[in-house]
Amino acid sequence: MRCCFFSWLTWQRRRFRKPRHHHLPPQDSIAVLEFPDGLGPCACIIHFGGSSIRMQPGRLGVPLCCFATSALLGMLVLSPSTLAQTVVETPQQTNDRIRALSSTAHQAPHDYVIGNGDVIDVEVFDVKELSREMRVSQTGSIGIPLVPIRLHVGGLTEVQAEQKIGEVLEANGLVSHPQVSVSVKERKSKPITVVGAVQHAMVYQADRPVTILEVHAEAGGIANDAGDTVIVTRPSGEPSVDSSDPPSIGPEDPSAVKTPKESDAVASPPAPNEPPPLSNTITVNLNELLESGNAENNIILQAGDIVTVPHAGITYILGAVSKPGGYVMANDRSQMSTLKLLALSGGLSRTAKKDRAVILRMKKVLERTAEDVPLQPSDILYVPDSASKQAMYRALEFGLALGAGVALYRIAYR
Numbered sequence: 003m004r005c006c007f008f009s010w011l012t013w014q015r016r017r018f019r020k021p022r023h024h025h026l027p028p029q030d031s032i033a034v035l036e037f038p039d040g041l042g043p044c045a046c047i048i049h050f051g052g053s054s055i056r057m058q059p060g061r062l063g064v065p066l067c068c069f070a071t072s073a074l075l076g077m078l079v080l081s082p083s084t085l086a087q088t089v090v091e092t093p094q095q096t097n098d099r100i101r102a103l104s105s106t107a108h109q110a111p112h113d114y115v116i117g118n119g120d121v122i123d124v125e126v127f128d129v130k131e132l133s134r135e136m137r138v139s140q141t142g143s144i145g146i147p148l149v150p151i152r153l154h155v156g157g158l159t160e161v162q163a164e165q166k167i168g169e170v171l172e173a174n175g176l177v178s179h180p181q182v183s184v185s186v187k188e189r190k191s192k193p194i195t196v197v198g199a200v201q202h203a204m205v206y207q208a209d210r211p212v213t214i215l216e217v218h219a220e221a222g223g224i225a226n227d228a229g230d231t232v233i234v235t236r237p238s239g240e241p242s243v244d245s246s247d248p249p250s251i252g253p254e255d256p257s258a259v260k261t262p263k264e265s266d267a268v269a270s271p272p273a274p275n276e277p278p279p280l281s282n283t284i285t286v287n288l289n290e291l292l293e294s295g296n297a298e299n300n301i302i303l304q305a306g307d308i309v310t311v312p313h314a315g316i317t318y319i320l321g322a323v324s325k326p327g328g329y330v331m332a333n334d335r336s337q338m339s340t341l342k343l344l345a346l347s348g349g350l351s352r353t354a355k356k357d358r359a360v361i362l363r364m365k366k367v368l369e370r371t372a373e374d375v376p377l378q379p380s381d382i383l384y385v386p387d388s389a390s391k392q393a394m395y396r397a398l399e400f401g402l403a404l405g406a407g408v409a410l411y412r413i414a415y416r
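Structure representation (structure tokens):
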């Protein structure tokens, strides 16, 4: 006689005479219902979890009790994990995309522009007294021995600084036809600070115009709990002299004839009661930048900028779910929704009251709707238990245990 293999999700026909291990799946949530020819017209054997139970419907008085019992077994072992899980992007994949996009966003190479705080090495051929390392002051000037004025080199390239120093030395009668070499030893004039939810917070000394993606790649990418935005805080005030387009100079450069009083002049500090100038803030959506790669969103940073990646908010889920708790909003680099949060929490329990789930929002309770409601940081999704479902499942468990006990008793004392 042919028999039927039963599980909660599938039906498949098999032969009874085959060894059991040939067709019994390894999952504990599968029950096998066998109808052997030698046990009577309605007798059956249930194989479940490595154990076997022989049922005799004639004695129990219910011809279909075997089928119902196996169905109950399938219902009781059905796990909420069968819910479809959302395919997400890992932080490592996001960081790989940041590196790939930053490598394509490099600006055209150009000479480094000397800025305030840099250390330069000035070498005058065959004149050791004039050759030395010196730091550029905050006004962009340096002092050369035997030259009565300070020389302004901020905003110049190395070649332009060489030309300017040579002209000043020759104009003051110190060296005839000087051969000057200028090189930057330390670059301290273009600091860009990267803080927040990144792998390595750092101060990046830019030697060329850099973008948001490039500094993120230098910082190792975003952290696992990074949010969806990047905030660039740009100090206000007069533009610095570290422009990417240095001015051209010539023999009649007026800066070469400045008096010491004019060159040493420093802007007066603000009055004690005057508030500090406000900073400019630029907010960039990181998701749009990574998805589109639009150069308009990948802005070029300036010296003194502070790049902050805020930490993502946390959404909480409580009640009749498999794994209640808090979940970071930026798991899949997109907006968290009700279904995604349920998938992350392992799905609803078997006693969940689906039509009574509510979202608790700060100072506001959303009305229950059928759409997939987007969640915000600090939201709480609460799924209550159903008392009627709990009572029903306990009654089924009790009935199943009672039926199994009676069957074992009948088999043992037949």
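Just so we're aligned, residue 3 is where the sequence shown starts under this note's numbering, counting upward by one. In this text, a Cβ means the ideal position worked out from N, Cα and C, and glycines have one as well.
Considering only DSSP beta bridges, list what residue i is partnered with.
i: aspartate 123; result: Glu135, Ser185
i: valine 234; result: Ile284, Val309
i: valine 205; result: Thr195
i: serine 339; result: Pro376
i: valine 115; result: Thr159
i: leucine 153; result: Ile144
Answer yes or no: do residue i and residue j have a C-beta to C-beta separation smaller than 9 Å?
i: alanine 228; j: valine 311; result: yes
i: valine 124; j: valine 161; result: no
i: threonine 231; j: isoleucine 308; result: no
i: asparagine 118; j: glycine 145; result: no
i: isoleucine 233; j: threonine 285; result: yes
i: asparagine 300; j: leucine 215; result: yes
i: proline 147; j: leucine 158; result: no
i: serine 191; j: isoleucine 116; result: yes
i: valine 182; j: glycine 156; result: no
i: arginine 353; j: alanine 397; result: Residue identity check: residue 353 is threonine in the sequence provided, not arginine. Against a cut-off of 9 Å, the Cβ pair of alanine 397 and threonine 353 comes out as no contact.
i: serine 351; j: tyrosine 329; result: no
i: isoleucine 319; j: leucine 343; result: yes
i: valine 177; j: valine 126; result: yes
i: asparagine 282; j: threonine 235; result: yes
i: serine 324; j: glycine 306; result: no
i: methionine 204; j: alanine 221; result: yes
i: threonine 96; j: leucine 291; result: no
i: alanine 163; j: isoleucine 122; result: yes
Compare the C-beta of residue i with all C-beta atoms of chain B and state if any pair is closer than 9 Å.
i: alanine 406; result: As a matter of chain content, chain B is missing from the structure shown, which is built from one protein chain.
Which two residues bound the contiguous beta strand (DSSP E) that contains residue i?
i: valine 197; result: 193 to 198
i: isoleucine 302; result: No beta strand (DSSP E) contains isoleucine 302, which DSSP labels as neither H nor E.
i: isoleucine 224; result: Isoleucine 224 -> no beta strand (DSSP E), and no H or E assigned at all.
Grouping DSSP H, G and I as helix and E and B as strand, with all else coil, what is residue i?
i: threonine 141; result: coil
i: serine 178; result: coil
i: alanine 397; result: helix
i: serine 354; result: Reading off the sequence, residue 354 comes out as alanine, not serine. Strand, per DSSP.
i: valine 323; result: strand
i: leucine 148; result: coil
i: valine 217; result: helix
i: valine 129; result: coil
i: valine 360; result: strand
i: leucine 410; result: helix
i: lysine 263; result: Since pLDDT at lysine 263 reaches only 42, below the 50 mark, its modelled position is unreliable, and the value read off the structure follows with that caveat. Three-state result, lysine 263: helix.
i: serine 390; result: helix
i: glycine 349; result: coil
i: valine 89; result: Because the pLDDT at valine 89 is just 43, under 50, the model does not fix this residue reliably, and the value given afterwards should be weighed accordingly. Here valine 89 sits in coil by DSSP.
i: asparagine 289; result: helix
Can you tell me where the alpha helix (DSSP H) holding residue i begins and where it ends?
i: valine 170; result: 160 to 173
For the structure I just gave you, are there three or more beta carbon pairs, one from the segment 166 to 176 and one from the segment 192 to 211, closer than 8 Å? Fewer than three Cβ pairs drawn from the segment 166 to 176 and the segment 192 to 211 lie within less than 8 Å of each other, which leaves the two stretches out of contact.
Are three or more beta carbon pairs between the segment 185 to 194 and the segment 148 to 155 nearer than 8 Å? no
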